[in-house]
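Undergrad: This is the structure, below, for whatever I ask next.
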Amino acid sequence: MNRLQAVLFDMDGTLVDTEGVWLDVVEAAAARRGRTLDAEHRTAVTGRSVEDTAALLEAHLDAPATELAAELGADFAARLEVAAVPRPGALRLLAALRARRVPTALVSASPRAVVAQVAGTLDGHRFDALFGAEDTVRTKPEPDPYLAAAVALGVEPARCVAVEDSPTGVASAVAAGCRVLAVPSTEPLADFAGTEGVTLADSLTDVDPEMLISLVR
């Protein structure tokens, strides 16, 4: 019988309202170099790791990717010390899943130190696994992070629901074979409407364990 084996959460923009913070960090790095980001750049860096973002912007900002990565990572971590605000419905959903004893993992493209920092702010919720950008050879949009989380929890990807907010993250979870609940934050996800295995929701306030269970039936 099919059943929900685990829920795998993205972090930035999904559980905590940090996608805007991340875009501010990237735009600040550009401004320090007398550059701006257009809509294409903003979309490209949403949901990406620090290293991938640095590589994408190296030519545009005329700065070494290693220098950019260090700068972006440090600025992002510093801002999250005061800006890691849970998304509406996030804490309630985490509590409901814990009450049902459904395993959870935090699967992020952010540095692991930032993932651990934010995980400790979510009303005492204890994830069964944490994954940051350094924990797999390839990060989102590749499937590796979600596949690694499933292995760590001893579950089947097809019986997991991945909760994501960005096109990059949704692509990663779909490629891993997970069922996906797509809840947009800064970038629209309408292009995924009708994609097999992807369900769209306006907010986590509309989501409960029973809904997630229904996605893997």
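The numbering of the sequence shown is the working numbering, which starts it at 8 and goes up by one.
Just so it is clear, CB atoms sit at the ideal spot from N, CA and C, and this is done for glycine as well.
Whole angstroms are fine: how far does the CA of valine 168 sit from the CA of glutamate 34?
TA: If you number the sequence shown from 1, residue 34 lands on position 27. If you number the sequence shown from 1, residue 168 lands on position 161. Rounded to the nearest angstrom, the two C-alpha atoms are 32 Å apart.
Undergrad: What's the call for alanine 76, buried or exposed, on a 16-neighbour Cβ count within 10 Å?
TA: Within the sequence shown, the letter at position 69 stands for residue 76. So alanine 76 ends up on the buried side.
Undergrad: So the candidates are Val23, Ala13 and Gln12; which of them puts its Cα closest to the Cα of alanine 126?
TA: Translated into the one-based positions of the sequence shown, residue 126 becomes position 119. Comparing Cα positions, the closest option is Val23.
Undergrad: Alpha carbon to alpha carbon, what distance is there between threonine 111 and alanine 37?
TA: Position 30 of the sequence shown, counted from the start, is the residue given in the question as residue 37. Position 104 of the sequence shown, counted from the start, is the residue given in the question as residue 111. So the alpha carbons of these two residues sit roughly 36 Å apart.
Undergrad: On the CB-based measure, 16 or more other CB atoms within 10 Å of its CB, does threonine 73 come out buried or exposed?
TA: Your numbering for residue 73 matches position 66 in the sequence shown. The residue is exposed, with fewer than 16 neighbouring Cβ atoms inside 10 Å.
Undergrad: Please name the residue, chosen from Glu88, Gly41, Arg42 and Phe16, that lies closest to valine 28 on a Cα-to-Cα basis.
TA: Counted from its first residue, the sequence shown places residue 28 at position 21. For the residues Glu88, Gly41, Arg42 and Phe16, the minimum Cα distance to valine 28 belongs to Glu88.
Undergrad: In the structure shown, what three-state DSSP assignment does proline 95 receive?
TA: As a first step, residue 95 must be located in the sequence shown, where it is residue number 88. Proline 95: coil per DSSP, three-state reduction.
Undergrad: Which word fits valine 32, buried or exposed, when buried means at least 16 other C-beta atoms lie within 10 angstroms of its C-beta?
TA: In the sequence shown, the residue the question calls residue 32 occupies position 25. Buried, because 16 or more other Cβ atoms sit within 10 Å of the Cβ of valine 32.
Undergrad: Quick one: what's got a C-beta closer than 7 Å to phenylalanine 134's C-beta in the same chain, skipping five residues either side?
TA: Here residue 134 refers to the residue found at position 127 of the sequence shown. Thr111, Ala112, Leu113 and Ala126, listed in sequence order.
Undergrad: Closer than 7 Å by C-beta to proline 93: which residues in its own chain qualify, once you throw out the five before and the five after it? Chain order, please.
TA: Residue numbering aside, residue 93 sits at position 86 when the sequence shown is read from its first letter. Only Leu22, Val23 and Leu129 meet the Cβ criterion.
Undergrad: Can you give the Cα-Cα distance for leucine 11 and alanine 85, rounded to whole angstroms?
TA: Reading the sequence shown from its first residue, position 4 is the one you call residue 11. Reading the sequence shown from its first residue, position 78 is the one you call residue 85. C-alpha separation (whole angstroms): 36 Å.
Undergrad: What does the alpha-carbon distance come out to for the pair phenylalanine 16 and valine 109?
TA: Working through the sequence shown from its first residue, we reach residue 16 at position 9. Working through the sequence shown from its first residue, we reach residue 109 at position 102. Straight-line Cα distance between these residues: approximately 12 Å.
Undergrad: Looking only at its own chain, which residues have a Cβ that is under 8 Å from the Cβ of threonine 175, when we skip the five neighbours before and after it?
TA: Here residue 175 is taken as the residue at index 168 of the sequence shown, counted from 1. Contacts found: Thr53, Gly54, Arg55, Ala116, Lys147 and Pro148.
Undergrad: What residues in its chain sit with their C-beta under 6 Å from that of alanine 178, if we drop five residues either side in the sequence?
TA: Within the sequence shown, the letter at position 171 stands for residue 178. Once the five neighbours on either side are set aside, the close Cβ partners of alanine 178 are Pro148.
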